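Structure first, commentary second.
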Amino acid sequence: MRSPLVDSHCHVVFADFREDLDTVAQRWREQGVCALVHACVTPEEIPAIRQLADRFPELRYAVGLHPLETGRWRETMPDLFLEACRRDERVVAVGELGLDLYKATNVEQQVHALEAQLDVAWEMDLPVIIHCRQAAVLLRDILVARRQAGRPVRGVMHCWAGTPQEMSWFLDLGLVISFSGIVTFKNAQAVHACARQVPEDRYMVETDCPFLAPTPHRGQRNEPAFVAHVAETMATLRHCSIARVRQVSSRTAARLFGLEALVRDPPFMEEQFVAAPISATTTADAL
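Numbering (the numbering used here), first residue to last: 4 to 290.
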């Protein structure tokens, strides 16, 4: 019996899937993908994502504003997000939110939008989906300050592309690490090291589709079925079975996002987990 698999981050609302989404859904079901968590880039997407959840019962979703969209931030957005969360129990997270200092320089605006959305998640007792690019130190400091203020953040560092040291910061803060197609890229040495080192109950797998298609589909449109390739690479790096990766990553997703009704797996396979050695000198520059 095939173990279930969760795509913990996707964007199938994008126009890339307008013509063939039913066929795409058939493929993800054939791969055993039993649940998908749909991230949100802008509030304008929310009605369309809600309609997708009506269409595909295995889909759950988040509400939020991507850091690269924070130039559009409005002070009414937190109330909009709160209303969306209260309206639909299929909202399982806030995000994707975060910081991106690789493609944008509006740091103050990004931090303001991040803090406001973290407040929404705290009020609704929901996890957050965090985008972080070239901003690990700043993000760590923000999350540490919130924990010290008695408002700790729970959630996931999505599409992980950082170093083992950076990963340890966010693990210490209680966050989960999600690996995307990047982990299948042969030169992604820092991400490979993180995949070996991350604790077994603290990682998930995702596609971030339509972006970052994994090997052997690199350069193509990504889709939820391809999360199976991410799981396969994780198994290779962690010296364990594919079934084990599928089970432990799906259980972590179920626990974080409340997907237990969707993730019903066969009896857990006990086997020895052997982590490969970690190089202290690997860096994200390998990407």
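Ideal placement from N, C-alpha and C gives every residue a C-beta, glycine not left out. All of these numbers come straight from a predicted model, not from anything done at the bench.
Apart from the 5 residues on each side of it in sequence, residue 75 sits with its Cβ closer than 8 Å to the Cβ of 45, 68 in its chain, given in chain order. Contact annotation, residue 250 with residue 11: C-beta distance approximately 14 Å; criterion of less than 8 Å not satisfied.
The residue among 49, 95, 143 with its C-alpha nearest the C-alpha of residue 117 is 143. For residue 8 against residue 231, the beta-carbon gap comes to about 6 Å, under 8 Å, which counts as contact.
Residue 169: member of the alpha helix (DSSP H) spanning 167-175, first to last residue. In the three-state scheme derived from DSSP, where H, G and I count as helix and E and B as strand, residue 179 is classed as strand.
Going by beta carbons, residue 27 and residue 17 fall outside the 8 Å limit. Assignment of residue 114 by DSSP, reduced to helix, strand and coil, places it in the helix class. In the three-state reduction of the DSSP assignment, residue 74 falls in the helix class, which pools H, G and I.
Selection 88, 121, 163, 86 evaluated against residue 154 yields 121 as nearest (Cα-Cα). Looking only at 207, 221, 240, the smallest Cα-Cα distance to residue 260 is reached by 207.
Taking one beta carbon from each stretch, the region 79-92 and the region 56-67 have 3 or more pairs nearer than 8 Å; the two touch. An exposed status is given to residue 204, since fewer than 16 other beta-carbon atoms sit within 10 Å of its beta-carbon. Spatial neighbours of residue 36 in its own chain (CB-CB distance under 6 Å, excluding positions within 5 residues in sequence) are listed in chain order as 8, 10, 227. If you look at residue 99, you'll find it in the beta strand (DSSP E) that goes 94-103.
Burial check for residue 136: the Cβ neighbour count within 10 Å reaches 16 or more, so the residue is buried. With contacts defined as CB atoms closer than 8 Å, residue 265 and residue 38 qualify as a contacting pair.
Looking from the CA of residue 80, the closest CA among 147, 54, 123 belongs to 123.
Taken through DSSP and simplified to helix, strand or coil, residue 153 comes out as coil.
If you draw a straight line from the Cα of residue 258 to the Cα of residue 252, it is about 10 Å long. Collapsing the DSSP output to three states places residue 162 in coil.
The shortest C-alpha to C-alpha distance from residue 32 to any of 62, 151, 180 is the one to 62. Contact annotation: residue 233 and residue 187 have beta-carbon atoms nearer than 8 Å.
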